[in-house]
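Peer 1: This is the structure, below, for whatever I ask next.
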Amino acid sequence: MIEWDALYKVSLGLYVLGANDGERPAGSIVDAVMIAANKPCALALSCGNLSFTKSCIEKTKQFSLSVLPKDIDPFVVANFGFQSSKNVNKWDNVEHGSLNNLPVLRNALAHITAKVLTSYPLESNTVFIAEIDQAINVRDADNLLYEDYRNYFKNDVIKTFQQYMKEKANG
Ligand SMILES: Cc1cc2nc3c(=O)[nH]c(=O)nc-3n(C[C@H](O)[C@H](O)[C@H](O)COP(=O)(O)O)c2cc1C
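Position in the sequence shown counted from 1, then plus 22, gives you my numbering.
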């Protein structure tokens with residue numbers, strides 16, 4: 023038996039994942055991230071197999087993570103989590119900079135870049151183990167947790183996305 027209410031008790035944060043598709047940056051929202059080792063300093067990231075960002079990471083073997091603050095604009099989560107980089111330049115919609123040539127969110131608490139050491143394919147996801155090459159503490163504040171998203175933030179994100187799609191359709 024697998025009770026998801028049990029698995030939700032494993033605390034996770036929310037991050038914007040960044041990667042490059044040639045010259046164009048791609049990105050998505052991820053929660054499935056953990057610091058996996060300190061020698062080498064490494065993290066584990068799990069990407070859905072249908073994610074375009076995942077295919078970019080497989081090609082370039084590198085990615086960035088931007089740690090989201092609790093007061094993040096819900097549009098950021100909608101922008102990166104509810105549409106695919108395959109058809110949208112998501113980074114054009116948010117203020118961003120670059121670290122090691124990878125896109126990072128301006129309003130994040132921390133910026134991390136990593137290089138893939140190995141990956142493990144599962145039916146739904148691919149788990150990357152990656153060595154951290156840079157981790158910058160941008161500012162100190164509370165970070166957004168996946169449980170915040172589920173408990174109270176999700177509705178705002180959905181409403182913001184609906185509004186964005188409406189405005190897009192009306193030109
Ligand atoms: C709250 C939340 C958490 C998510 N967690 C993950 C995750 O851990 N791994 C993942 O690959 N996708 C995750 N997703 C889904 C991707 O962000 C989503 O499928 C995105 O549209 C993929 O974009 P891409 O095709 O540009 O990569 C999450 C989405 C949301 C809204």
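Where is the CB? At the ideal position from N, CA and C, for every residue including glycine. Being a predicted model, the structure only gives us computed values, none of them experimental.
1. Can you grab the Cα-Cα spacing for the pair Ser-141 / Lys-61, in whole Å?
2. Can you look up Ile-51 in the DSSP assignment and give me helix, strand or coil?
3. Taking 7 Å as the cut-off, is the CB of Phe-150 close to at least one heavy atom of ligand 1?
4. When DSSP labels each residue in this structure, what does Ile-151 get in the three-state scheme?
5. Heavy atom of ligand 1 less than 7 Å from the Cβ of Ser-106, yes or no?
6. Please name the residue in Gln-156, Gly-193, Phe-97 whose C-alpha comes closest to that of Asp-178.
7. Which of the three DSSP states is assigned to Ser-88 in this structure?
8. Do Leu-124 and Gln-84 count as a contact pair if the criterion is CB distance below 8 Å?
9. Run the CB neighbour count on Ile-57, radius 10 Å, all protein chains shown included, and call it buried at 16 or more, exposed below.
10. Mind checking which residues open and close the beta strand (DSSP E) that includes Leu-65?
11. Which one of Val-38, Leu-127, Glu-189 has the shortest CA to CA distance from Ile-51?
12. Determine, using beta carbons only, whether Val-126 and Ser-88 come nearer to each other than 8 Å.
13. Let me check understanding here. Comparing Cα to Cα, which of Gly-119, Trp-113, Asn-42, Ile-154 lies closest to Leu-67?
14. Rounded to whole angstroms, how far is the Cβ of Asn-129 from the Cβ of Glu-117, which I believe are closer than 8 Å?
Peer 2: With the given structure in hand:
1. For Ser-141 and Lys-61, the distance between alpha carbons rounds to 18 Å.
2. Three-state DSSP puts Ile-51 in a strand.
3. Of the heavy atoms belonging to ligand 1, none sits nearer than 7 Å to the Cβ of Phe-150.
4. In the structure shown, Ile-151 sits in a strand (DSSP, three-state: E or B).
5. Between ligand 1 and the CB of Ser-106, the shortest heavy atom gap is smaller than 7 Å.
6. Nearest neighbour of Asp-178 by Cα position, chosen from Gln-156, Gly-193, Phe-97, turns out to be Phe-97.
7. The answer is strand: DSSP assigns Ser-88 an E or B state.
8. Cβ distance < 8 Å, so Gln-84 and Leu-124 count as in contact.
9. Looking at its Cβ environment, which holds fewer than 16 other Cβ atoms inside 10 Å, Ile-57 is exposed.
10. Per DSSP, the continuous beta strand (DSSP E) segment holding Leu-65 begins and ends at 63-70.
11. If we check each option's Cα against that of Ile-51, Val-38 comes out closest.
12. In this structure, Ser-88 lies closer than 8 Å to Val-126 by Cβ.
13. Ranking the options by Cα distance to Leu-67, first place goes to Ile-154.
14. Indeed, because the Cβ distance is near 7 Å, the residues count as touching under 8 Å.
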